[in-house]
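Input: a single structure, listed below in structure tokens.
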Amino acid sequence: MKRQISGRRIATALLVAFGVIFAMAAPAAAIDCNGPYQIVRGQQIATPYCEDAYLAKVAREYGTRVSAAEIRHNPNKKADVCRFMGFDSRVSHICLNYRDGVGSPHF
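Per our numbering, residue 4 is the first one in the sequence shown, and the count goes up by one each step.
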């Protein structure tokens, strides 16, 4: 006894197959950073995301165990890192608001 495959099952199978193929073919929308700058349409733009990643990279060169995600999600961690090595010319502009006596309002 032969069993026929219904049109509904074929349509479902095709839909699943196309979904899997599409999911595999879609490129990851990763953020492309060049140091503290994000590359957008070939231009470098300063963004907090790339600045935090660069700050973490430079901090690791100083021996600090910190990730970009920690700096991004924890302002106190960013402040600690900036107080420790924010004098470095590569990240001084990123740490300007966190360094003692620099960038703070004077009354």
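Glycine included, every Cβ here is placed at the ideal spot set by N, Cα and C.
Quiz prompt | Arg68 beta carbon less than 7 Å from that of Cys85 | solution = no
Quiz item: By Cβ distance, which residues of its chain are closer than 7 Å to Lys80, with the 5 residues on each side in sequence left out?
Solution: Val69, Glu73 and Ile74
Practice problem: Reducing DSSP to helix, strand and coil, say where Val84 ends up. | Solution: helix
Quiz item: Going along the chain, which residues of its own chain have a beta-carbon closer than 6 Å to the beta-carbon of Ile13, five neighbours each way excluded?
Solution: none
Quiz item: Is it right to say Gly89 is buried, meaning 16 or more other beta carbons lie within 10 angstroms of its own, or is it exposed?
Solution: buried
Self-check item: Under the three-state DSSP convention, the category Asn100 falls into
Solution: coil
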